[in-house]
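Reading the sequence shown from the start, the letters are residues 1 to 427 in full-length UniProt numbering. Backbone N, C-alpha and C define an ideal beta-carbon position, used for all residues, glycine too.
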Amino acid sequence: MQSQELFFDADLVLPLLAGVASGLLIGIERGWTQRGRASGTRVAGIRTFTLIGGMGALSALIALKTSALIAAVLLAGIVAGLVALFLRGNGDPERRDATTMVAAMVALALGLMAGAGYPSFAIAGAALASFILAMRKQSHGFLDRLTSEEMQAIARYGVLTLAVLPFLPDAQYGPYDAWNPFRLWLVVLLITGFSIAGYVANRVVGEKRGTIVTAMIGGAYSSTAVTAALSTRLANRESGPFATGISLASAIMYLRVMLLSLVIAPDVCWPLTKLLALPAVMAFAATAVAWRFETASTGAPGAISKRPFALLPAMVFLLAVAGASLLVNWAQAEFGSAGGGLSLFIAGSFDVDAATVAYSALPSGAVPVRIAALALAGTVAVNMAFKTAITFANAHWSKGRTAVLALISSQAVLLVVLAADAIAQFA
Numbered sequence: 001m002q003s004q005e006l007f008f009d010a011d012l013v014l015p016l017l018a019g020v021a022s023g024l025l026i027g028i029e030r031g032w033t034q035r036g037r038a039s040g041t042r043v044a045g046i047r048t049f050t051l052i053g054g055m056g057a058l059s060a061l062i063a064l065k066t067s068a069l070i071a072a073v074l075l076a077g078i079v080a081g082l083v084a085l086f087l088r089g090n091g092d093p094e095r096r097d098a099t100t101m102v103a104a105m106v107a108l109a110l111g112l113m114a115g116a117g118y119p120s121f122a123i124a125g126a127a128l129a130s131f132i133l134a135m136r137k138q139s140h141g142f143l144d145r146l147t148s149e150e151m152q153a154i155a156r157y158g159v160l161t162l163a164v165l166p167f168l169p170d171a172q173y174g175p176y177d178a179w180n181p182f183r184l185w186l187v188v189l190l191i192t193g194f195s196i197a198g199y200v201a202n203r204v205v206g207e208k209r210g211t212i213v214t215a216m217i218g219g220a221y222s223s224t225a226v227t228a229a230l231s232t233r234l235a236n237r238e239s240g241p242f243a244t245g246i247s248l249a250s251a252i253m254y255l256r257v258m259l260l261s262l263v264i265a266p267d268v269c270w271p272l273t274k275l276l277a278l279p280a281v282m283a284f285a286a287t288a289v290a291w292r293f294e295t296a297s298t299g300a301p302g303a304i305s306k307r308p309f310a311l312l313p314a315m316v317f318l319l320a321v322a323g324a325s326l327l328v329n330w331a332q333a334e335f336g337s338a339g340g341g342l343s344l345f346i347a348g349s350f351d352v353d354a355a356t357v358a359y360s361a362l363p364s365g366a367v368p369v370r371i372a373a374l375a376l377a378g379t380v381a382v383n384m385a386f387k388t389a390i391t392f393a394n395a396h397w398s399k400g401r402t403a404v405l406a407l408i409s410s411q412a413v414l415l416v417v418l419a420a421d422a423i424a425q426f427a
C-alpha cells in the first residue's frame with residue numbers, strides 16, 4: 001500500500017516529470033544540431049539529455065526523501081561521465097563540443113531544481129536555454145558583424161548600467177535635498193540607451209527607418225532624451241533623418257500626455273486634449289515636412305557614426321537636470337505654495353508626465369479643471385522650448401535648423417492656443 005502511495009504521490013511524480021521535460025527540451029535542440037553527424041560521433045542527443053534531466057530530478061528527490069549521500073554519488077557519476085565524454089572528443093581535441101557539455105550540466109542543474117520543488121522554474125530555464133542554443137547562427141553572425149567600437153560601447157554601457165547604477169544610493173542629497181544619485185544616473189543611461197538603440201536600429205533596418213523606429217519608441221517614453229540623443233548626431237553630420245526623428249518624438253509626446261491624462265486624471269483629459277490637439281496635428285505635419293526635406297536632400301550623405309554613443313552629451317544633460325532639480329527644490333523651500341507653479345513648469349521642462357502624475361495625486365477639486373489643463377499644457381510648452389534649446393545648443397542653426405523649425409512650429413501653435421484659453425478664462 002505504501003509503495004502505491006509513493007508511486008502516485010504528485011509531490012514525487014510531478015518534479016520528476018518536470019526534470020525529464022527540461023532535459024527533453026534541451027535534448028531536442030542538441031539532437032537537431034548534431035543531426036548531420038555520423039552515428040557514434042554524437043556526444044549526447046535527445047535521449048541522453050532527457051535522461052540527464054530526469055537523473056537530476058531523481059537525485060534531488062533521493063537527497064530530500066532518503067539519503068543525501070546516495071544522491072551525491074549519483075551526481076558525481078553523471079558529472080564524471082560527462083567530463084569523460086568531453087575529454088574523449090572522439091580522439092580529436094578540435095572536435096570536442098564544449099557547448100554540449102555545458103548544456104548537459106545545465107540540464108542536470110535544471111533537473112535538480114525541478115526535483116527540489118521548483119518545476120516551473122526548471123521548465124522555464126530549459127526553454128530559455130534551448131532558445132539560446134538555437135540562436136547559434138544568429139549570435140555568431142552578430143559577433144562577426146560587430147566592430148571594435150561597438151564592442152567597446154557595449155562594454156561601457158554595461159559598466160554604466162551594471163557596475164555603477166546598483167551602487168548609487170536612491171536617496172536625496174545636496175542642498176535642499178535636490179539630488180538623487182540613482183535617478184540622476186538613470187538620465188545618463190536613458191540618453192546613452194536611446195543613442196545605442198538608434199545606432200542598432202540604423203544598422204538593422206537602415207538609417208532612415210532605424211531613426212524613425214527609435215523616435216517612435218523613445219517618444220512614447222521620453223521625447224526629451226530622444227531629442228538630446230538625435231541632436232548630437234545632427235551635430236556630427238551623421239547620416240539619417242534625425243530632424244524628422246526629433247519632431248516625431250515630440251509629436252508622439254503630445255499623444256502620450258493626452259493618453260496618460262485619460263488613464264490617471266480623466267477629469268482633465270478633455271480640456272487638456274482641446275488644448276493639445278491642434279499643436280499635435282502641427283507637430284505631425286512638421287514631421288512630414290522634415291521627412292520630405294531630409295529624404296529629398298541631394299547633398300552628400302553624412303558619415304555613419306563609428307561610435308554608438310558619446311558619454312559627454314549625456315553628462316552635460318545630466319548637469320542640466322541636476323541644476324533644474326536644485327532650482328525646483330529651492331523655489332518650493334523659499335516660496336512655499338507660491339513657488340509651486342514655478343516648480344511645476346521647471347519640472348515639466350524635463351518630464352511632462354511628472355506634472356500630470358502630480359496633478360492626479362491632488363485632492364479632488366483642489367485645482368479647477370480648466371486651470372489644471374492650462375497648467376499642464378503650459379508644462380508641455382516649457383518642455384518644447386527646452387527641447388528646442390537642446391537642439392540648438394547641440395547642433396546649432398547650421399546643422400539643426402530643420403529640427404529647430406519643426407519644434408518651433410508646433411510650439412508656436414501651442415502658445416497661441418494657450419494664450420486664447422487664458423484670455424477666455426481670466427479676461
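Secondary structure remark: continuous alpha helix (DSSP H) runs of at least 4 residues inside the region 234–284, in chain order: 242–264. Less than 9 angstroms divides the Cβ of A129 from the Cβ of A107. Residue state for Y157 is assigned as helix, using DSSP reduced to three classes.
Residue pairing by DSSP places Y173 opposite W179 in a beta bridge. As the crow flies, the alpha-carbon of A76 is around 11 angstroms from that of S59. Within the same chain, Cβ atoms closer than 6 angstroms to the Cβ of A18 are found at A114, P119, A122 and I123, the five residues on either side in sequence being excluded. By the C-beta density criterion, F242 is buried, having at least 16 other C-beta atoms within 10 angstroms. Nearest Cα to L85 within the set G117, G45 and I70: G45. Contact check for V380 against Y173 fails: the beta carbons are separated by 9 angstroms or more.
Here M55 is buried. Its C-beta has 16 or more other C-beta atoms within 10 Å. Going by DSSP, G56 is part of the alpha helix (DSSP H) stretching over I46 to K65. With 16 or more other Cβ atoms from the protein chains shown falling within 10 Å of its own Cβ, T391 counts as buried. Approximately 6 angstroms separates the beta-carbon atoms of L272 and M258; this is inside 8 angstroms, confirming the contact. Measuring C-alpha to C-alpha distances from L407 to each of F386, F426, A419 and L234 identifies F386 as the nearest.
By a beta-carbon distance limit of 8 angstroms, P181 does not contact L190. Their separation comes to about 15 angstroms.
With fewer than 16 neighbouring CB atoms inside 10 Å of its own CB, W270 falls in the exposed class. L110 is positioned such that its CB atom lies closer than 9 angstroms to that of I26.
In this structure, the CA atom of T244 is about 10 angstroms from the CA atom of T295.
By the 16-neighbour rule on beta-carbons within 10 angstroms, K399 is buried.
Counting of Cβ neighbours within 10 angstroms places I78 among the buried residues, the total reaching 16 or more.
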